[in-house]
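Okay, so here's the structure we're looking at.
2 protein chains.
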Amino acid sequence: MNIGEVAQKTGLPAKTIRYYEDIGLVTAERRPNGYRDYGETEIHNLRFVQRARGLGFSVADCRDLLSLYRDRHRSSSDVRALAQARLREVDDKIAELQGLRATLDHLVNACAGDDRPDCPILDDLAGDPNAT
Amino acid sequence: MNIGEVAQKTGLPAKTIRYYEDIGLVTAERRPNGYRDYGETEIHNLRFVQRARGLGFSVADCRDLLSLYRDRHRSSSDVRALAQARLREVDDKIAELQGLRATLDHLVNACAGDDRPDCPILDDLAGDPNAT
DNA sequence: CTTGACCTTCCAGTGACTAGAACCTCCATG
DNA sequence: CATGGAGGTTCTAGTCACTGGAAGGTCAAG
Chain A
-17 MNIGEVAQKT GLPAKTIRYY EDIGLVTAER RPNGYRDYGE TEIHNLRFVQ RARGLGFSVA
43 DCRDLLSLYR DRHRSSSDVR ALAQARLREV DDKIAELQGL RATLDHLVNA CAGDDRPDCP
103 ILDDLAGDPN AT
Chain B
-17 MNIGEVAQKT GLPAKTIRYY EDIGLVTAER RPNGYRDYGE TEIHNLRFVQ RARGLGFSVA
43 DCRDLLSLYR DRHRSSSDVR ALAQARLREV DDKIAELQGL RATLDHLVNA CAGDDRPDCP
103 ILDDLAGDPN AT
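Residue numbers (this note's numbering), protein chains in the order written: chain A, -17 to 114; chain B, -17 to 114.
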């Protein structure tokens, strides 16, 4: 199967699929003409990576997850540890963003948003202690 | 004031301050010896950028915010629009992460995390419709 | 035989820094 | 006055995960 068809089937851009080969994540056979040749296994692995990336795992994590996936003697605890670490990252990020959200929301509500120049948002960014 | 002192006062790494000058965000005078020379205005602007970046505004947004800040005839609505756009971004990101969080949490809970190889997390990533 | 779609590689750019190398300048001390 | 070390300067290159584009090879249809 050519890379274009794989791209269509998986939804991954061909560029990305080549990139994954470049970094040794998912490699393909070559045909005599030099074209990459994909089988079901490769498609499967690409989709695996795609899903893992969709959950926000780094490419390095994807590499680890793939190798655990291929290892019949793995311990599920290793996989769980990766997922749990990712979960913690996501939780941290959510907390951070919720903090930002509160501040931004506060500022947006404090600002009249009209033609006049007075702006509590800028006052706050400028470090004005009386702002907002 | 030398860049080192500014770095200490603001908490921004000297490298970052030089970078901001490179991209024309906050520039400094030069002394005859070639050293950058910072006054209160520059420190103020750097802190402004620092706070805006802390709220997740892009450097491009910071540029716009700074120029609005300097413009005595601005309309606060322009500032508010930027903040509101940023708020929307943050909201979208939070929603996305909460979706991920739910999935990850579900997977982590479904996985025994022991010495055995059976792993619903990998099954899910592999696209197994019976997973989890 | 040509056209056009598809494939190949390689180089460069993204955002916002950050690390490191090579070199210059200043100040304090021996 | 020499020197050592702290701090300053520029420049290049690396980060992450792609993405865009150029130059050229391959293939099937008309």
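Where is the CB? At the ideal position from N, CA and C, for every residue including glycine.
Measuring CA to CA, which of B:Met(-17), B:Val72, B:Tyr51 and B:Leu79 is closest to aspartate 110 of chain A?
B:Tyr51
Give a yes or no on whether the minimum CB-CB distance between tyrosine 51 of chain B and chain A is below 8 Å.
Tyrosine 51 of chain B counts as touching chain A.
Note down, in chain order, every chain B residue with its Cβ under 7 Å from the Cβ of isoleucine 76 of chain A.
Ile76, Leu79, Gln80 and Arg83
For isoleucine -1 of chain B, count neighbouring C-beta atoms within 10 Å of its own C-beta (all shown protein chains included) and say buried if the count is 16 or more, exposed if not.
buried
Taking buried to mean at least 16 other C-beta atoms within 10 Å of its own C-beta, is isoleucine 5 of chain A buried or exposed?
exposed
Under 8 Å Cβ to Cβ from glutamine 32 of chain A, same chain only, skipping five residues before and after it: list those, please.
Thr(-8), Gly(-7) and Leu(-6)
Alpha carbons only, please: which of A:Gly95, A:Ser40, A:Leu48 and A:Ala108 is nearest the one belonging to valine 72 of chain A?
For the options A:Gly95, A:Ser40, A:Leu48 and A:Ala108, the alpha carbon positioned closest to that of valine 72 of chain A is the one of A:Ser40.
With a threshold of 8 Å between beta carbons, is glycine -14 of chain A in contact with chain B?
no
Taking only three categories from DSSP, how would you classify arginine 52 of chain B?
In this structure, arginine 52 of chain B counts as helix in the three-state DSSP scheme.
So for aspartate 19 of chain B, helix, strand or coil by DSSP?
strand
Check whether the segment 85 to 105 of chain B and the segment 57 to 66 of chain A are in contact - that is, three or more C-beta pairs closer than 8 Å.
Yes, the segment 85 to 105 of chain B is in contact with the segment 57 to 66 of chain A.
Using a C-beta cutoff of 8 Å, does serine 59 of chain B count as contacting chain A?
For serine 59 of chain B, the answer is yes, since a Cβ of chain A falls inside 8 Å of its Cβ.
Given that a residue counts as buried once 16 or more other Cβ atoms are within 10 Å of its Cβ, and exposed if not, what is proline 102 of chain A?
It counts as buried.
Using only the alpha-carbon positions, how far apart do alanine 92 of chain A and histidine 26 of chain B sit?
22 Å
If you pair each beta-carbon of the segment 74 to 92 of chain B with each one of the segment 74 to 82 of chain A, do three or more pairs fall below 8 Å?
yes
So, at 7 Å on beta carbons, what are the nonlocal neighbours of leucine 107 of chain B in its own chain, with the 5 sequence-adjacent residues on each side left out?
none
Below 8 Å on C-beta distance, what does valine 72 of chain A contact in chain B?
Identification of chain B residues near valine 72 of chain A by a Cβ-Cβ cut-off of 8 Å yields Leu79, Leu82, Arg83 and Leu86, ordered along the chain.
If you measure between the beta carbons of leucine 48 of chain A and arginine 68 of chain A, is that distance less than 8 Å?
no
Answer yes or no: do aspartate 19 of chain B and arginine 12 of chain B have a C-beta to C-beta separation smaller than 8 Å?
yes
If the cut-off is 7 Å on Cβ atoms, which residues from the segment 100 to 113 of chain A count as contacting chain B, listed in chain order?
Asp100, Cys101, Ile103, Leu104, Leu107, Ala108 and Gly109
Terminal residues of the continuous alpha helix (DSSP H) containing alanine 67 of chain B?
58 to 92
Are any of the Cβ atoms in chain A nearer than 8 Å to that of aspartate 96 of chain B?
Output row for aspartate 96 of chain B: interface = yes.
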